[in-house]
Amino acid sequence: MIQPLLTINAVRSAIQERKITTLALMEEHYERIEKEDAQIGAFLTLCRERALEAADRIDRMAAEGEPLPPLAGVPVAIKDVMSTRGVRTTAASKSLEHYIPPYDCTAVARMEAAGAVVLGKTNCDEFAMGSSNENSAFRPVRNPRALDRVPGGSSGGSAAAVAADMAVAALGSDTGGSIRQPASFCGVVGLMPTYGRVSRYGLIAFASSLDHIGPITKNVKDAATVLGVIAGRDPMDSTSANLPVPDYVAELEKPSRGLKLGVAKEYFGEGLDPEVRQAVESAIDRLNSLGCEIVPVSLPHTPYAIPTYYLIATAEASSNLARYDGVRYSYRARGVKSLSEMYRRSRDESFGAEVKRRIMLGTYALSAGYYDAYYLKAQKVRTLLARDFEEAFRKVDAIVTPTSPTPAFRLGEKSNDPLAMYLADIYTVTADLAGIPGISVPCGETRDKLPIGLQILGRHFDEATILRVAHAYEQAA
Ligand code: GLN
C-alpha cells in the first residue's frame, strides 16, 4: 500500500536502504492509477515500458550500493505539453492526438537523469489554455479532494495526480498561473520558477515570453529538490539563464526570522472569497509570529494585469499555433481539394473552442491598425507591472497573497463564461508578466473542506527565499 504523503526524500532513502524496490513502488502507483484514475482523469497516456527501464536502472544501482541521485526511484507524472521521445504527447488537443515526439524535453530528461520514473503524461487544458481543465479535448479532470469540482488548470492532471497519490511529484507549466492555481485547488505545492531558470526546450509553446516549467509536489522540500534538478542553463534554449543554481534544499534551513514580507491591498479587494481571505490572513499572522516582518506595499497597476495578459498571451499563441497546419505533424483533414482548404479544415476540425477564441483574439491584437492600440500598449503596461514589483522588492524580500480568489469551483460553473474563467487568474498572471518566481503552498481549507493556497512571490532568480518562507510556514502549520 502506498503511504499517503510519500515524499521524494522518503522514497529515495527507502530505496537506498533497500526497504522497497523501485519496481514495487512503480507497480503500486500503476495499481493506484488503475483504481482511481477512471474517476479522476489525470492521465492521458501511461508509459510502462519506459518506467520499467528507469526503475530497473535504479534498483540495480541500489543493489550495488551505489549512491543514488536526488530523484532516485521517484514516480513522477509529466504534463502532456512536454515532449517525451517515443511517447505520445498531445497537449490535450485533437490536433496532436497521435503525435510522437522524436526527442525529450530538457526538464523531463533532467528528471530522468536524476533517477525519476516517468509513469505517464497528464491531462491539461488544450495547449495549456484554461483554468479548470475543462478545455481538454479528451476529458475533464476531477478534483481528488471534491469530485464535483475542477482541479484547476491548466496543469490540472499533474496537480490531481499528486493530490491523489498517483505520483509522488509532477511537472506542470505556468503561463498565467497554471502551476500555482491547480496546486492551490488540489491542496498541494506548486512552484513557478523565474523566467529563464528552467529550460523550455521541448515544451509545446503557448506564449513564449510567459511560459515556465516547474514542479508540483506534496511539500516544499520536494519542490526545492525538483527545482534543483531541472534548473540551469541549457544550450538548447537561448532564454535559459546562465546563472549558478543554488542548493535549494540546504537554503530551506536558513532562518526566515527577520525577513520582510509585503502585503499588497490590491490582492485583497473585490471578488476575494471571504473564507480564502480569512485563511490567507491567518497564514500571514502565522508568518508574523514566526518572526517575519509584515510590510504594506502597493502594486498599483494590478487592475490592468488580466487584460494585459490576455492580449500578450493570445498574440503569442496565435503566432505559435500557426505551425499546426496539417502538413508536418498535426491533424490533417481528409478529402480536401486544395491546400488552403486543407489548412482551414485541419485547423477547424482539430482545435477546440477556447483555442480558436485565443487565436482570433491574438490575431486581432496583432493585426495592422490594431497592433499599436492593443499589443504595443499591453507591452508597455507589462513594463509598468514589472516596475511595481521592482519598487516593492526594494522594501521587502517576498510578497504574500492568495493564490486564487476562490477555492475550486464546480465543473461547468464557469465553462460558458470565458471572462469569469479569465478572472480566476487575477492573482497569478502578474508574476508571469513580470518574470518573477511564485509558489503556492496549502494554507487551510474552507468549511466544505476545499483546499486554499497561499502564494509567495519573490525577486528574479530568488526562488530560495520564497521556498524558505513557504517551508517555514508549512512546518509551523
Ligand atoms: N488560465 C490561464 C490561461 O488560460 C493561464 C494558463 C497557463 O498558465 N497555462 O491562459
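Residue numbers for the sequence shown follow my numbering, so the first one is 17 and each next one is one higher.
All C-beta atoms, glycine included, are put in the ideal place defined by N, C-alpha and C.
Residue closest to residue i, alpha-carbon to alpha-carbon, out of the options
i: A129; options: Y386, E69, H476; result: E69
i: V124; options: D141, D96, L112, S256; result: D96
i: Q294; options: E490, T105, T462; result: T462
i: D72; options: L62, P91, E297; result: P91
i: P260; options: F477, R403, L41, E370; result: F477
i: R360; options: L377, D341, G351, E370; result: D341
i: P316; options: A408, S174, Q55; result: A408
i: E286; options: A414, G451, T422; result: T422
i: P262; options: I246, K276, P251; result: I246
i: E33; options: L41, C63, G81; result: G81
i: K430; options: T38, S147, L60; result: S147
i: G413; options: L275, E291, G351, Y345; result: Note on residue identity: the sequence assigns Asp, not Gly, to residue 413. With distances taken between Cα atoms, D413 lies closest to L275.
i: A509; options: S305, N432, L435; result: Nothing in the structure corresponds to residue 509, since the chain is present only between 17 and 493.
Alpha carbon of residue i to alpha carbon of residue j, nearest angstrom
i: R161; j: A179; result: 8 Å
i: F405; j: T318; result: 10 Å
i: I375; j: S109; result: 14 Å
i: R155; j: R273; result: 46 Å
i: V184; j: V133; result: 10 Å
i: R48; j: D181; result: 8 Å
i: L163; j: L288; result: 23 Å
i: P271; j: Y264; result: 14 Å
i: R426; j: I300; result: 28 Å
i: I229; j: A78; result: 30 Å
i: D75; j: G89; result: 8 Å
i: I232; j: G188; result: 7 Å
i: T379; j: C308; result: 46 Å
i: F143; j: I328; result: 16 Å
i: N258; j: S356; result: 43 Å
i: T255; j: G212; result: 6 Å
i: L135; j: L22; result: 16 Å
i: P167; j: Y283; result: 22 Å
i: N151; j: D141; result: 5 Å
Contact belief for residue i with residue j at Cβ below 8 Å, rounded distance in angstroms
i: S456; j: S200; result: 5 Å
i: V313; j: H487; result: In fact, because the Cβ distance is near 22 Å, the residues do not count as touching under 8 Å.
i: E365; j: A389; result: Contact doesn't hold; Cβ gap of about 33 Å is too wide.
i: Q55; j: D441; result: At roughly 27 Å, the Cβ-Cβ gap does not stay under 8 Å, so Q55 and D441 are not in contact.
i: P453; j: G474; result: 5 Å
Contact with chain D by residue i, beta-carbon distance below 8 Å
i: A185; result: No chain D appears in this structure, which consists of one protein chain only.
Practice task
Could you tell me whether the stretch 71-91 touches the stretch 22-35, where touching means 3 or more Cβ pairs closer than 8 Å?
Solution key: Enough Cβ pairs lie closer than 8 Å, so yes.
Practice task
Tell me the start and end of each unbroken beta strand (DSSP E) in the stretch 434-485 that is at least 3 residues and wholly inside, in chain order.
Solution key: Within the stretch 434-485, the complete beta strand (DSSP E) runs of at least 3 residues are 454-461, 467-474.
Practice task
At 4 residues or longer, and completely inside the stretch 339-394: list those alpha helix (DSSP H) runs for me, N to C.
Solution key: Qualifying alpha helix (DSSP H) stretches, in chain order: 355-366, 369-382.
Exercise for the section: Report yes or no: do three or more beta-carbon pairs, one from the stretch 201-212 and one from the stretch 467-481, lie closer than 8 Å? Expected result: Because the criterion of three Cβ pairs below 8 Å is met, the stretch 201-212 and the stretch 467-481 touch.
Practice task
Pair every Cβ in the stretch 328-348 with every Cβ in the stretch 219-231, then say whether three or more of these pairs are closer than 8 Å.
Solution key: These segments touch.
Handout entry: Validate contact between the stretch 444-454 and the stretch 319-327 using beta carbons, cut 8 Å, 3 pairs
Key = By the C-beta criterion, the stretch 444-454 is judged to be in contact with the stretch 319-327, since at least 3 inter-stretch pairs fall below 8 Å.
Exercise for the section: Tell me the start and end of each unbroken beta strand (DSSP E) in the stretch 115-179 that is at least 3 residues and wholly inside, in chain order. Expected result: If we require 3 residues or more, the beta strand (DSSP E) runs fully inside the stretch 115-179 come out as 133-138.
Practice task
Please list the segments of the alpha helix (DSSP H) lying wholly inside the stretch 217-299, counting only runs of 4 or more residues, in order along the chain.
Solution key: Annotation: the stretch 217-299 contains the following complete segments of the alpha helix (DSSP H) (minimum length 4 residues), in chain order: 236-246, 264-267.
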